[in-house]
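Novice:
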Amino acid sequence: MNHSKKGMSRRTLIKTGLAGILATGVSPLILTRGAWAQEFCNNPTGDTVTIGLNLPLSGAYAEEGADEQKAYELAVQHLNGEGDGGLLNVFAPSALKGNGVLGKKMAFVTSDSQTKADVARAGATRMIERDGAIMITGGSSSAEAVAVQGLCQEMGVIFMAGLTHSNDTTGKDKKRYGFRHFFNAYQSGISLGPVLGDEYGADRRAYHLTADYTWGWTQEESIKNATEALGWETVQAVRTPLGAADFSQYLTPVLNSGADVLILNHYGNDMVNSLTQAVQFGMRDRQVNGKQFEIVVPLFSELMAKGAGENIKGIFGTSNWHWNLQDPGTIAFTKSFGAAYGSPPSQAAHTAYVQTLLYADAVERAGTFYPPEVIKALEGFEFDGMGNGRTLYRADDHQCIKSVLVVRGNENPTSQYDVLEVVREVPREEVAYDPTIFGGELGPAEPAPMC
Amino acid sequence: MFEVILLQFINGLDKGGAYALIALGLTLVFGTLGVVNFAHGALFMLGAFCAVTFQKLITLETVTVDPSQLSPWGTPVEVREPLVQAWLGDFGAVLVNYSVPFSLLLAIPVMLVIGIAMERGLIKYFYKRPHAEQILVTFGLAIVLQEIIKASFGANPIPQPVPTDLRGAADIGVMLGLNPGIITYPIWRLVYFLFSGVVIGAVFAFLRFTTFGMVVRAGMADRETVGLLGINIDRRFTIMFGLAAVVAGMAGVMYTPLLPPNYHLGMDFLVLSFVVVVVGGMGSLPGAVAAGFLLGILQSFASMTQVKALVPGIDQIIIYLVAVIILLVRPRGLLGRRGVMEA
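Residue numbers (our numbering), protein chains in the order written: chain A, 3 to 453; chain B, 73 to 415.
1) Hey, how far is the Cα of I390/B from the Cα of P148/B?
2) Measure the alpha-carbon distance for P300/A versus Y209/A and round it to whole angstroms.
3) Can you list the residues of chain B that Y252/A reaches, using a CB-CB cut of under 7 Å?
4) Using three-state DSSP, classify Q189/A as helix, strand or coil.
5) Which residues, in chain order, does the segment 348 to 373 of chain B contribute to contact with chain A at a C-beta distance below 7 Å?
6) Taking DSSP's pairing of strands, which residues face K222/B in a bridge?
7) Closer than 7 Å by C-beta to Q116/A: which residues in its own chain qualify, once you throw out the five before and the five after it? Chain order, please.
8) Only counting runs of 3 or more residues, tell me where the beta strand (DSSP E) segments fall wholly within the segment 76 to 139 of chain A, in order along the chain.
9) Nearest chain B C-beta to A213/A closer than 7 Å, yes or no?
10) Counting beta carbon pairs with one atom in the segment 279 to 293 of chain B and one in the segment 81 to 90 of chain B, are three or more of them shorter than 8 Å?
11) Report the residue ranges of all beta strand (DSSP E) runs contained in full by the segment 330 to 364 of chain A; include only those spanning at least 3 residues, in chain order.
12) Which residues in chain A sit within 9 Å of W159/B, going by Cβ to Cβ distance?
13) Which partner residues of Q401/A appear in the DSSP bridge assignment?
14) Assign V121/A to one of two classes, buried (16 or more other C-beta atoms within 10 Å of its C-beta) or exposed (fewer than that).
15) Starting from H203/B, find everything on chain A with Cβ-Cβ shorter than 7 Å and list it in chain order.
16) Would you report the Cα separation of M312/B and L96/B, rounded to the nearest angstrom?
17) If K107/A and T50/A are in contact, beta carbons under 8 Å, what's the gap, nearest whole angstrom?
18) Determine the direct distance from the alpha carbon of T256/B to that of D287/A, and round the result to whole angstroms.
19) CA-CA distance, P144/B and F110/B?
20) By the criterion of Cβ-Cβ separation under 8 Å, what are the contact partners of N258/A in chain B?
21) Taking only runs that begin and end inside the segment 223 to 263 of chain A, name each unbroken alpha helix (DSSP H) of 4 or more residues, in chain order.
22) In whole angstroms, what separates the C-alpha of V240/A from that of F276/B?
23) Following the continuous alpha helix (DSSP H) through D306/B, name the residue where it begins and the one where it ends.
24) Under 8 Å between beta-carbons, which chain A residues line up against N304/B? List them in chain order, please.
25) Roughly how far, in whole angstroms, is the beta-carbon of Q221/A from the beta-carbon of K308/A, given that I think they are within contact range, below 8 Å?
26) Below 8 Å on C-beta distance, what does K337/A contact in chain B?
27) So, with DSSP's three-state summary, where would you put A434/A?
28) What are the boundary residues of the alpha helix (DSSP H) that includes A447/A?
29) Could you check which residue in V281/A, G442/A, F302/A has the C-alpha nearest to that of E296/A?
30) Give me, in chain order, the residues of the same chain whose beta-carbon lies closer than 7 Å to that of R308/B; leave out the 5 immediate sequence neighbours on both sides.
31) Give the DSSP-derived three-state secondary structure of Q328/A in the structure shown.
32) Return the chain-ordered list of same chain residues with a C-beta closer than 7 Å to the C-beta of A323/B, the five sequence neighbours on each side being excluded.
33) Thinking C-alpha only, which one of I136/A, Q251/A, N412/A, V421/A is nearest L370/B?
34) To the nearest angstrom, how far is the alpha carbon of I303/B from that of H112/B?
35) With distances taken Cα to Cα, identify the nearest neighbour of D399/A among D436/A, T393/A, E431/A, A364/A.
36) Taking buried to mean at least 16 other C-beta atoms within 10 Å of its own C-beta, is Y197/B buried or exposed?
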């Protein structure tokens, strides 16, 4: 009779028990890193990793979309070890090696967002579900950015926003999976206010024309707060439809309103059209309340500013970055972009390029594409050498805190690209603010089961 | 308050004139050929780009590369010298200054050729097809044309200069005996208003007082009978399509200083011009003019702060609201003819 067959010995019981404990309890704690391979959306398995570029290649911001695309292509080249390396040479601290991302070559797919939030969201969905994009980036409108980052939060895919300036993007609509390098309307107000006070005095009456969507509303509010703090009075704030070709019916009431400053909270084509038409109404030649009538454009697009021609000269606004700065990052990027495409990069191109490098660097530092780890690597990351001085990717709202430029339409341009001149570089400390003032919740970092 | 209302009224007339002019060619094509031309906005845009092309031609420069100077991005600096002004002296300077009005001389033949080619090459095959198919094919054509312009000129708006003598605003208030600076209005907008009146008047006179116009009007009323009289009405209708393209093109040329043109310009005006035509009555020229002014004036007043305070957002929907009301009360539009678009 075999004794062992009668029952389990104490030694066997202990062995089996230990194995069971290991199998059910301890192993997930030890092997979590390996388990990610099955747990997140579009985990790259081959020798390439694909990112999705959501760009306005048609519609009002097509030129900005085209410039962003050039910058993304350049960033991908540099990350893959091609070209002159661009900002990889000056960005610090950096984990980038110029051999792709975690040894995989970076590739990209594109989608035309047409500057429409619904089209942008559909394009991002397609790039995630069909093309296997690990990260979505791009865009030239806050409505798009808010829509796409909401989708990315639902799908567990990181969104590195392109050009978006509304306070809402990293305010009430902020998301754990969304990150913005570009500055915002609140920071425009903080930066521009003192310069307007110095130039135009404290006794002014302002009339706002505002694009009727999320960006316009937050910009109007921010600039109103900044100018009223100077002592200016807001005479009227009028909402105008996005994409209105003719603004004359909104400009005529300005003439007899008693205002001596017109603030155009318009961007892109709207800015070109409203500014051109305001100048034709003779507003810059008027004297009101014993003062010279002035026009202010709080957010400039240098690509679009060319469309306004001479009308832009002498007009104040703000900008995220300008190719004419003299720091090593700006010089390196301008040279690299100019050599590739024959023209200096726009601020849209700059933010697109920087966002791509920051994502790749965060993946390298995290050692994985697993989004929650990449998010942790981006949150609170502080870096330099990207053209905006020392910059913090703030953990509380995923807003980059860095210096902001106050610019003015160049009175004596030396070339067709020399549209704006930098009047003041407002340091990071002055444009930092309490991240709770705009409300919102980042939401969870854990990836959603869908994808 | 009087000056505010007067200013909005002048603005309404200005907008109305532009709307009527833009819609005129559209209703002309529908009235003669019975074709719903969704490429009409693209013709307006092509006209605007005739002005851009003309300006580029007369501001041609010699470009010399100076390798001793480098741009901030490391490429040699280009030294540019204007050509036309060097050749033509003072007249060259006048040509550059008045490039927009002068570009009408380029736009008229170019748009006539484009219009006739469009009608002979594409539109004529769709005369007997349903309106839905006409809309699809002309809309497709519009997209093709705008992509060609985008590929050739880029996507950015390209500013066109107002002649220096016509820049700034005229003091209309002083002319009316009011204090200076109360009622001022951009001179170029007044020029555009006069231009609209002249072109609209010329088209009416052409149709009313010429033999060609009489035959076209007869053909619009009864195409078969005119054909039975041995008149080649198709050829005249082809010329009318060309004329409509010329009108749209000229409207586009003169609009460029008000709105720096880009490839998307036509789409911005397409829906608006259709609403004007529908409100005026499909195929009715006087209807299009009346609707243009009506909608222009209403849109201008709806944008007043006092009106917006009563009905928020009214400025953004007024045109469509009026269209709905007119079509409910007068289904054929203001001056529409019986039997047009009525199966």
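All C-beta atoms in this analysis are idealised placements derived from N, C-alpha and C, irrespective of residue type, glycine included.
Specialist: Taking the structure as given:
1) Straight-line spacing of the CA atoms in I390/B and P148/B works out to 54 Å.
2) So the two alpha carbons sit approximately 13 Å from each other.
3) Per Cβ cutoff of 7 Å: S375.
4) Helix, per DSSP.
5) Listed in sequence order: Q371, S372.
6) For K222/B, which the question treats as bridged, DSSP gives no partner whatsoever.
7) Same-chain partners within the cutoff: P58, S60, G61.
8) Within the segment 76 to 139 of chain A, the complete beta strand (DSSP E) runs of at least 3 residues are 107 to 114.
9) Closer than 7 Å: no.
10) Because the criterion of three Cβ pairs below 8 Å is not met, the segment 81 to 90 of chain B and the segment 279 to 293 of chain B do not touch.
11) Whole beta strand (DSSP E) segments, 3+ residues: zero.
12) Result: empty, since nearest Cβ-Cβ is about 23 Å, beyond 9 Å.
13) Paired residues: R182/A.
14) The residue in question, V121/A, is buried, as its Cβ has 16 or more Cβ neighbours within 10 Å.
15) Within chain A, no residue comes near H203/B; the closest Cβ sits about 27 Å away, beyond 7 Å.
16) Cα-Cα distance, rounded: 12 Å.
17) 5 Å between Cβ atoms; contact.
18) Pairing D287/A with T256/B, the inter-Cα distance amounts to about 12 Å.
19) C-alpha separation (whole angstroms): 46 Å.
20) Ordered by position in chain B, the residues that pass the 8 Å Cβ test against N258/A are E75, V76, L79, I254.
21) Listed in chain order, they are 250 to 257.
22) Distance between the alpha carbons of V240/A and F276/B: 40 Å.
23) For D306/B, the enclosing alpha helix (DSSP H) begins and ends at 305 to 327.
24) Residues of chain A passing the Cβ test: none, with the nearest at roughly 40 Å.
25) Contact between Q221/A and K308/A is ruled out by a C-beta separation of about 22 Å, above the 8 Å threshold.
26) Residues of chain B with a Cβ closer than 8 Å to the Cβ of K337/A are, in chain order, P144, W145, G146.
27) The three-state secondary structure of A434/A, taken from DSSP, is coil.
28) A447/A: not part of any alpha helix (DSSP H); DSSP gives it neither H nor E.
29) It is V281/A.
30) F284, V287, V288, G291, listed in sequence order.
31) In the structure shown, Q328/A sits in coil (DSSP, three-state: anything other than H, G, I, E or B).
32) Take A323/B, set aside five residues on each side of it, and the residues of its chain with a beta-carbon closer than 7 Å to its own are L93, I94, F116, G119, in chain order.
33) Looking at the Cα atoms, Q251/A is the closest of the given residues.
34) Using only the alpha carbons, I get a separation of about 28 Å.
35) Here the closest residue by C-alpha is D436/A.
36) With fewer than 16 other Cβ atoms inside 10 Å of its own Cβ, Y197/B counts as exposed.
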